[in-house]
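Participant: First the structure, then my questions, so here it is.
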Amino acid sequence: MVDQVFFPNPVQPVRTNRPQPQKPANTGQTSGPSFATVLDTKLPAQGVKFSQHAQDRLKARNITLSANDLAKLEGAVNSVAQKGGKESLVMMGDAALVVSIRNRTVVTALDKAQMQGNVFTNIDSAVII
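All residue numbers for the sequence shown refer to numbering that gives the first Met the number 0, where the first residue is 0 and numbers rise by one.
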């Protein structure tokens, strides 16, 4: 008794009458803008945003940030991001801001009166400007 099955000819693929599509020759040149250019135009600006909670705290506590302060804040966020921080406490003059580095968003804001005796949790870095 034979335990093997022998096929004298291998099974052939089914042939169709459809013509094979021709691939365009890759010349290494593309028409239109580069991927980096398109990506830069589609992505929103990487500035620091303020959550609704932070905006409410800034108004309630009369904390105003000038354009210079915002530039310093953005520089601090960039610095912490380069070092791998995720949640940071940024001390700016008489204000303290808790910032989500990953989202580039100010989460909450405190003035000097609220900082006294306050414990900051869930932060992994601090920047004093």
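Ideal placement from N, C-alpha and C gives every residue a C-beta, glycine not left out.
Identify, in the order they occur along the chain, each residue of the same chain with its Cβ nearer than 7 Å to the Cβ of Thr-120, setting aside the five sequence neighbours on each side.
Facilitator: Translated into positions along the sequence shown, residue 120 becomes position 121. Nothing meets the Cβ criterion.
Participant: Classify Phe-119 as helix, strand or coil using the three-state DSSP reduction.
Facilitator: Numbered from its first residue, the sequence shown carries residue 119 at position 120. Coil at Phe-119, not helix or strand.
Participant: Closer than 8 Å by C-beta to Met-114: which residues in its own chain qualify, once you throw out the five before and the five after it? Chain order, please.
Facilitator: Here residue 114 corresponds to residue number 115 of the sequence shown, with the count starting at 1. Ala-95, listed in sequence order.
Participant: Given 8 Å as the limit, is there contact between the stretch 46-58 and the stretch 102-112, that is, 3 or more CB pairs closer than that?
Facilitator: yes
Participant: With H, G and I counted as helix, E and B as strand and the rest as coil, what does DSSP make of Thr-104?
Facilitator: Residue numbering aside, residue 104 sits at position 105 when the sequence shown is read from its first letter. Note: Thr-104 maps to strand in three-state DSSP.
Participant: Is Val-153 helix, strand or coil when you go by DSSP?
Facilitator: Because the chain spans 0 through 128 in this model, residue 153 falls outside it and cannot be assessed.
Participant: Given this structure, state the Cα-to-Cα distance separating Arg-56 from Gly-31, to the nearest angstrom.
Facilitator: As a first step, residue 56 is located in the sequence shown; it is residue number 57 there, counting from the start. As a first step, residue 31 is located in the sequence shown; it is residue number 32 there, counting from the start. Distance between the alpha carbons of Arg-56 and Gly-31 is about 46 Å.
Participant: Tell me which residues share the same chain as Ile-127 and place their Cβ nearer than 6 Å to its Cβ, disregarding the 5 neighbours each side in the sequence.
Facilitator: For the purposes of this step, residue 127 is identified with residue 128 of the sequence shown, where counting begins at 1. For Ile-127, the CB contacts under 6 Å within the same chain, skipping 5 residues up- and downstream, are Met-90 in chain order.
Participant: Any idea what DSSP makes of Lys-22, helix, strand or coil?
Facilitator: Here residue 22 is taken as the residue at index 23 of the sequence shown, counted from 1. Reduced to three states, the DSSP call for Lys-22 is coil.
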